[in-house]
Structure formats: structure tokens, C-alpha cells
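S.K.: According to my numbering, the sequence shown holds residues 1 to 62 in order.
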Amino acid sequence: QKMVASIINRYQNEYSHLREILSRGMQPIDIEESKKIAKFILETIKQNDKQQYKALVKSIGK
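#1: Please report the distance separating the alpha-carbon of K50 from that of I8.
#2: Does DSSP put I31 in a helix, in a strand, or in coil?
#3: Identify, in the order they occur along the chain, each residue of the same chain with its Cβ nearer than 7 Å to the Cβ of Y11, setting aside the five sequence neighbours on each side.
Following this line, the structure appears as C-alpha cells:
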């Protein structure tokens, strides 16, 4: 899980500071990496907070 946390932190930092380095925002986002991170986050919410996960799913109409 430390490795996953490291990847998520890197990804978050990479794309959260686009104002500071505009050229970074011009590069394409790694879609596959984004999907893996999103799946991991959703599975973690589902395992750790079922009520929150159900509310999220309901809020998006699934």
C-alpha cells in the first residue's frame, strides 16, 4: 500500500500544480494510470466505508 500511496501522491502533485508550470498541463494525462488509481480509490472506499460508497454510487445514478 505504500507503493500505491506513493503513486497517488506523485500523480496528485503532478497535476495539481499546473498553474506553476504551464507546460506540464499541455502534456497528455496517462489514462491507464488514472483508471488504476480511480479503481484503487473506489475499492478502498468500498472496503473501508460501505455507507459512503453506497452514497457515492447513488449520487451518480448507478
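Here a beta-carbon is modelled for each residue, glycine too, at the ideal position from N, C-alpha and C.
M.R.: On the basis of the supplied data:
#1: In the sequence shown, counting from the first residue as 1, residue 50 sits at position 50. In the sequence shown, counting from the first residue as 1, residue 8 sits at position 8. The alpha-carbon atoms of K50 and I8 are separated by roughly 22 Å.
#2: Residue numbering aside, residue 31 sits at position 31 when the sequence shown is read from its first letter. The answer is helix: DSSP assigns I31 an H, G or I state.
#3: Position 11 of the sequence shown, counted from the first residue, corresponds to residue 11. Correct list, in chain order: E33, I37.
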